[in-house]
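Here the structure is laid out as structure tokens; the discussion comes afterwards.
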Amino acid sequence: MSLRFRNTLGGALEEFQPLDPANVRMYSCGPTVYAPAHIGNFRSFVFADLVRRYLAWKGYRVTWVMNITDVDDKIIRDAAAEGIAIGTLTSRYTDGFLDDMTRLRITRPDAMPRATEHIPEMATLIATLLERGHAYRTDDGSIFFRIASWPAYGTLARLDPTTQRVGERVETDEYDKDDVRDFALWKGPRDGEPSWSTPIGDGRPGWHIECSAMSMRYLGPSFDIHTGGIDLVFPHHEDEIAQSEAATGEPFVRTWLHCDHLRLGGEKMAKRTGRLLRPAEAYAQGWSPRALRYALLAAHYRAPLEFTEDSLVAATSAVERLSTVLAALDQYESDRLDDPGVAQALEAAHDAFEDALDDDLSIAPALAAVFDLVRDLNRRIGDRSLSSDDARRAAEELRDIDQVLAVMSPDDGPAREVSGLVMTLLEERVAARAARDWARSDALRDDLAALGILVEDTRDGQRWRVQEGHDGTA
RNA sequence: GGCGACGUACCCAAGUGGUUAAGGGGACGGUCUGCAAAACCGUUAUUCUCGGGUUCGAAUCCCGACGUCGCCUCCA
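Reminder that position 66 of the first sequence reads as 73 in this note's numbering, one-by-one numbering, no gaps.
Right, dumping it as structure tokens:
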């Protein structure tokens, strides 16, 4: 089967066909760096990473761009409150964001453009909109997009602009718009606010224009996939489409993908309500980054996901189950001949995994296929019915699948060589067990545990794996 | 008020017309083991929010009720 996505634009399940088969172009709305991102934000970034990884796994070359919004009202407000330049504030939170991405195993995008570094591109785009009559200036030097000039406005969000509820929370009179629904492309200069001098005048960009300008800069006027949280559908992405297509006259994005909210206590996780959890806080409570990743990944992206401690308990057990079977396979040895049933099981699991994800990234059946395989492999390990090559191939298959999931290897340097001390202790313990010296054996097990090495005894002898959170280099 | 999503076991979550309702977690029982851990086996939904209807047959389709959440305003 082929890859299909549920396109927010139109709502249909559509077969994915890249505009350029040799290069899938994808853009994700990134963070506004005025505070550490919370795990609700990261749900959308982990989701985008899943799209990116799955496309690559399917054999596509992907160019992935994620913006960093480093100038906006909240950034200006918070920097002023601290008495620092906005760049000082935003570089602080940008660094933190990049660290969080790394720990959550989110692939580094090919480009992460900053808004403040693309002011000229935005000014050019706005100039075009002015020329074409889709934008107008106000007395204070601001420039607005004229929604009345763009009949398709509202298509993405399925909103009828004429019936929008306006008036309840009309923006303050700070900017003098022709129509309350018009949105700011450019904000005129003000005292105490950062300002750039451009051909369209002094001031600073509005929010939506940066994504249009930067996506076009790196991906061209038309590209394949645009991702974001469901709350960006309106007005952000609606505005992006309007201003982009009005400027270029070409279709902006082919497939829009939006993930639903992460919830806490039954409600959307959000900074404004204070109802949130940040990655660092989860780690401080003892949860591992990969368990957090798994918890964010394990539900379908278009379904709301309630985040609870139970979900982290489940995620922790699930990822440990995966790394345990991998460790067992890696250490498995047998003189047996290959069992053709193993190759069949691997192929069946691979196909089921792919079929599930092909269907609009249906992660739950994909994971079910993985865990069905894990149970089968554990059974075979217990029966010693595998050959050494069977075990090696099984581990290879799991690691291949993990190119998409990125949850199987323990955090903190799983692939690293363990120290000579650990190897010596492991050997000593084998000798102690051979001599049935249980006291010595148990003492060595404790010593190894203190070094982050979990030792288990099986019918086939001693088996070990690295404990979560230890790097095994002690 | 408009638009949208949703209600499946103790928890999370697949399944969208037809043999025994995936998978993960938790709990309990068992096997293995010097002990421990891991693993494996078994038990945990005759039933899918409720009430009607269509059908030979529905968790799956239709109507209604109740309940939850989101967007319409900054927001992943």
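Yeah, the Cβ is synthetic: ideal placement off N, Cα and C, and Gly gets one too.
Between which two residues does the alpha helix (DSSP H) containing residue i stretch?
i, result
"residue 472", "Segment 468-473 is the beta strand (DSSP E) holding residue 472; no alpha helix (DSSP H) there."
"residue 128", "126-138"
"residue 348", "347-365"
"residue 157", "That residue, residue 157, is in no alpha helix (DSSP H); it is neither H nor E in DSSP."
"residue 218", "214-226"
"residue 121", "Segment: none, residue 121 is in no alpha helix (DSSP H) and carries neither H nor E."
"residue 460", "First-last for residue 460: 460-465, but that is the beta strand (DSSP E), not the alpha helix (DSSP H)."
"residue 430", "427-441"
"residue 271", "No alpha helix (DSSP H) holds residue 271; the beta strand (DSSP E) holding it covers 269-271."
"residue 61", "46-64"
"residue 402", "395-412"
"residue 446", "445-457"
Considering Cα atoms alone, identify which of the options is closest to residue i.
i, options, result
"residue 301", "327, 367, 276 and 281", "327"
"residue 18", "112, 165, 76 and 149", "165"
"residue 61", "304, 77 and 90", "304"
"residue 21", "378, 49 and 366", "366"
"residue 298", "460, 414 and 67", "414"
"residue 101", "31, 360, 410 and 73", "73"
"residue 92", "311, 29 and 79", "79"
"residue 334", "356, 234 and 388", "388"
"residue 140", "196, 116 and 250", "250"
"residue 346", "329, 370 and 384", "384"
"residue 336", "349, 456 and 24", "349"
"residue 66", "194, 188 and 28", "28"
"residue 269", "23, 49, 41 and 30", "49"
"residue 134", "119, 206, 351 and 113", "206"
"residue 118", "36, 395 and 161", "36"
"residue 245", "167, 324, 212 and 396", "167"
"residue 418", "12, 294, 450 and 234", "294"
"residue 161", "247, 406 and 310", "247"
"residue 234", "56, 452 and 431", "56"
"residue 97", "71, 40, 457 and 81", "40"
In three-state terms, what does DSSP make of residue i?
i, result
"residue 375", "helix"
"residue 147", "coil"
"residue 421", "Here residue 421 scores only 40 on pLDDT, less than 50, and its place in the model should not be relied on; the value that follows carries that caveat. Here residue 421 sits in coil by DSSP."
"residue 233", "strand"
"residue 104", "helix"
"residue 98", "helix"
"residue 75", "strand"
"residue 199", "coil"
"residue 313", "strand"
"residue 256", "coil"
"residue 142", "strand"
"residue 487", "Past the edges of the chain, shown from 8 to 481, lies residue 487, and the structure says nothing about it."
"residue 325", "helix"
"residue 382", "helix"
"residue 210", "strand"
"residue 6", "Since the first residue of the chain shown is 8 and the last is 481, residue 6 is not available in this structure."
"residue 69", "strand"
"residue 390", "helix"
For residue i, which residues of its own chain have a beta-carbon under 8 Å away from its beta-carbon, when the five flanking residues on both sides are left out?
i, result
"residue 179", "Since pLDDT at residue 179 reaches only 45, below the 50 mark, its modelled position is unreliable, and the value read off the structure follows with that caveat. Same-chain partners within the cutoff: there are none."
"residue 280", "274"
"residue 26", "32, 229, 230, 231 and 261"
"residue 174", "The pLDDT assigned to residue 174 is 41, lower than 50, so where the model puts this residue is not dependable, and the model offers no usable value."
"residue 24", "none"
Hey, quick one: how far does the beta strand (DSSP E) through residue i stretch, first residue to last?
i, result
"residue 21", "20-22"
"residue 293", "Counting along the chain, residue 293 falls outside any beta strand (DSSP E), and DSSP gives it neither H nor E."
"residue 86", "That residue, residue 86, is in no beta strand (DSSP E); its alpha helix (DSSP H) goes 80-89."
"residue 34", "31-35"
"residue 261", "260-266"
"residue 191", "190-194"
"residue 12", "11-13"
Using C-beta distances below 6 Å, list every residue in its chain close to residue i, excluding the 5 sequence neighbours before and after it, in chain order.
i, result
"residue 16", "163 and 263"
"residue 460", "429 and 471"
"residue 271", "282 and 314"
"residue 203", "126"
"residue 409", "415"
"residue 411", "60, 61 and 64"
"residue 474", "459 and 461"
Check the C-beta distance from residue i over to residue j and give it rounded, since I have them as a contact under 8 Å.
i, j, result
"residue 128", "residue 191", "17 Å between Cβ atoms; not a contact."
"residue 122", "residue 76", "5 Å"
"residue 186", "residue 159", "Not a contact, Cβ separation roughly 16 Å."
"residue 286", "residue 107", "5 Å"
"residue 296", "residue 110", "4 Å"
Tell me which same chain residues have a C-beta within less than 7 Å of the C-beta of residue i, skipping the five on either side of it?
i, result
"residue 331", "472"
"residue 144", "150"
"residue 405", "333 and 415"
Under the criterion of a Cβ to heavy atom distance below 7 Å, does residue i qualify as lining the ligand MN?
i, result
"residue 18", "With respect to the ligand MN, the structure shown offers nothing to examine, as it has no ligands at all."
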